[in-house]
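Enquirer: Just passing along the structure, written as structure tokens.
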Amino acid sequence: EAGVAQSPRYKIIEKRQSVAFWCNPISGHATLYWYQQILGQGPKLLIQFQNNGVVDDSQLPKDRFSAERLKGVDSTLKIQPAKLEDSAVYLCASSLGWTGGNEQFFGPGTRLTVL
Amino acid sequence: SQQGEEDPQALSIQEGENATMNCSYKTSINNLQWYRQNSGRGLVHLILIRSNEREKHSGRLRVTLDTSKKSSSLLITASRAADTASYFCAPSSYNTDKLIFGTGTRLQVFP
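First to last, the sequence lines map onto chains A and B.
Numbering-wise, our numbering puts 93 at position 104 of the first sequence, and it's gapless, one number per residue.
For any residue, its number in our numbering is found by taking its place in the second sequence, counting from 1, and adding 7.
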């Protein structure tokens, strides 16, 4: 079974530039999550999709971050414009459902460096 | 949704020793999950224990749950250098899949 795929694996940009990350979840997984993990901290949920609808985006800085999940499969997360404090690893995860605390499967992440 | 708090923040042991990590949380849970993150990699699910379970085993892993004390522990027996990683607990409330991770326990196993 293929795991969660993410690209790119690494990205270096200058502040005020824009960047986009892509995620392909495990086939059949209805729920998709984007997390931000700053060095030394645990992952912080940015947004959760159930199929192509947003379940929770309370921690997403909506003035600069946006995410979409067209057709309920792949997802993209965009940052525009980027700030220095956005330097982090962005993790995508997927799970079968959205109730009952299902196991989440994580991708390898995209390491973003903002200079 | 609620955050689990892991203790200790860091733990160093020799290969072959056992490692115990603890997790505390604040409100009622549906289940509690443990995840591992090796340096520079994504998280890997280790084990899920439901609120009506008290103990669960998976290979060298043993997880206990005490809902009266709102705490859980993860025991890794006969540790190996490859167990070096950060370990996170994630309590899950009812009717949600949202997980809120703490800062984790950083385990270092020396050969």
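Here a beta-carbon is modelled for each residue, glycine too, at the ideal position from N, C-alpha and C.
Please read all numbers here as calculations on a predicted model, not as lab measurements.
1) Determine whether the beta carbon atoms of ILE83(B) and ASP90(B) lie at a separation below 8 Å.
2) Taking C-alpha atoms, which residue in THR20(A), GLN69(A), LEU59(A), TYR24(A) lies nearest to VAL44(A)?
3) DSSP on GLY42(A), reduced to helix/strand/coil?
4) Write down the C-beta distance between GLN93(A) and HIS52(B) rounded to the nearest angstrom, noting that I regard them as a contact closer than 8 Å.
5) What first and last residue would you give for the beta strand (DSSP E) that runs through ILE2(A)?
6) Which residue or residues does DSSP assign as beta-bridge partners of ILE15(A)?
7) Considering Cα atoms alone, identify which of ASN41(A), ALA77(A), TYR24(A), GLY(-8)(A) is closest to LYS33(A).
8) Step through the CB atoms of chain A and report whether any lies within less than 8 Å of the CB of GLN40(B).
9) With a cut-off of 8 Å, does the C-beta of GLY110(B) fall near any C-beta of chain A?
10) Can you tell me whether GLN30(A) is buried or exposed? The criterion is at least 16 other CB atoms within 10 Å of its CB, across all chains shown.
11) Should ASN91(A) be flagged as near chain B, meaning a C-beta pair shorter than 8 Å?
12) Just how far apart, CA to CA, sit HIS64(B) and VAL103(A)?
13) So that I know if they touch, is there some Cβ in chain A lying closer than 8 Å to that of ARG61(B)?
14) Have a look at the DSSP bridge pairing and note the partners of LYS77(B).
15) Pull up the distance between the alpha-carbon of LEU66(A) and that of CYS12(A), whole angstroms please.
16) Please report how far the alpha carbon of CYS30(B) lies from the alpha carbon of GLN21(B), in whole angstroms.
17) Quick one: is ASP52(A) buried, meaning 16 or more other Cβ sit within 10 Å of its Cβ, or exposed?
18) Using a Cβ-Cβ cut-off of 8 Å, state whether ARG43(B) counts as contacting chain A.
19) Could you tell me the distance, in whole angstroms, from the CA atom of SER58(B) to the CA atom of PHE54(A)?
20) Where do the N-terminal and C-terminal ends of the beta strand (DSSP E) with LYS51(A) fall, by residue?
21) Within 8 Å of any Cβ in chain A, is that where the Cβ of ASP104(B) sits?
22) When we look at the beta-carbon of GLY17(A) and count the other beta-carbons within 10 Å, is it buried (16 or more) or exposed?
Expert: This is what the structure gives:
1) Numbered from its first residue, the second sequence carries residue 83(B) at position 76. Numbered from its first residue, the second sequence carries residue 90(B) at position 83. In this structure, ASP90(B) lies closer than 8 Å to ILE83(B) by Cβ.
2) To locate residue 44(A), count along the first sequence from 1; it is residue 55. Checking every option, the nearest Cα to that of VAL44(A) belongs to THR20(A).
3) Taking the first sequence and counting its residues from 1, the one referred to as residue 42(A) is at position 53. Three-state result, GLY42(A): strand.
4) The residue you call residue 93(A) lines up with position 104 of the first sequence. The residue you call residue 52(B) lines up with position 45 of the second sequence. Indeed they touch by this definition, with Cβ atoms about 7 Å apart.
5) As a position in the first sequence, residue 2(A) is number 13, starting the count at 1. Here the beta strand (DSSP E) through ILE2(A) covers -1 to 2.
6) Counting from 1 along the first sequence, the entry for residue 15(A) is found at position 26. Beta-bridge pairing links ILE15(A) to no other residue.
7) Counting from one through the first sequence, the residue named residue 33(A) turns up at place 44. The shortest Cα separation from LYS33(A) among ASN41(A), ALA77(A), TYR24(A), GLY(-8)(A) belongs to TYR24(A).
8) By one-based count along the second sequence, residue 40(B) stands at place 33. Answer yes: the Cβ-Cβ gap between GLN40(B) and chain A drops below 8 Å somewhere.
9) Here residue 110(B) corresponds to residue number 103 of the second sequence, with the count starting at 1. For the sequence presented, residue 110(B) should be read as Thr rather than Gly. Closer than 8 Å: yes.
10) As a first step, residue 30(A) is located in the first sequence; it is residue number 41 there, counting from the start. Looking at its Cβ environment, which holds fewer than 16 other Cβ atoms inside 10 Å, GLN30(A) is exposed.
11) Taking the first residue of the first sequence as 1, we reach residue 91(A) at position 102. It does: the Cβ of ASN91(A) has a partner Cβ on chain B nearer than 8 Å.
12) Counting from one through the second sequence, the residue named residue 64(B) turns up at place 57. Counting from one through the first sequence, the residue named residue 103(A) turns up at place 114. The straight-line gap from Cα to Cα measures roughly 42 Å.
13) Stepping through the second sequence from its first residue, residue 61(B) is reached at position 54. No, ARG61(B) does not count as interfacial toward chain A.
14) Along the second sequence, read from residue 1 onward, the residue named residue 77(B) stands at position 70. BP columns for LYS77(B) are empty, so no partner.
15) Translated into the one-based positions of the first sequence, residue 66(A) becomes position 77. Translated into the one-based positions of the first sequence, residue 12(A) becomes position 23. About 8 Å.
16) Your numbering for residue 30(B) matches position 23 in the second sequence. Your numbering for residue 21(B) matches position 14 in the second sequence. C-alpha of CYS30(B) to C-alpha of GLN21(B): approximately 22 Å in a straight line.
17) Stepping through the first sequence from its first residue, residue 52(A) is reached at position 63. By the 10 Å Cβ count, ASP52(A) comes out exposed.
18) On the second sequence, position 36 is the one that residue 43(B) refers to. ARG43(B) does not count as touching chain A.
19) Your numbering for residue 58(B) matches position 51 in the second sequence. Your numbering for residue 54(A) matches position 65 in the first sequence. Distance between the alpha carbons of SER58(B) and PHE54(A) is about 36 Å.
20) In the first sequence, residue 51(A) corresponds to position 62, counting from 1. Counting along the chain, LYS51(A) falls outside any beta strand (DSSP E), and DSSP gives it neither H nor E.
21) As a position in the second sequence, residue 104(B) is number 97, starting the count at 1. Cβ-Cβ to chain A under 8 Å: yes for ASP104(B).
22) In the first sequence, counting from the first residue as 1, residue 17(A) sits at position 28. Exposed.
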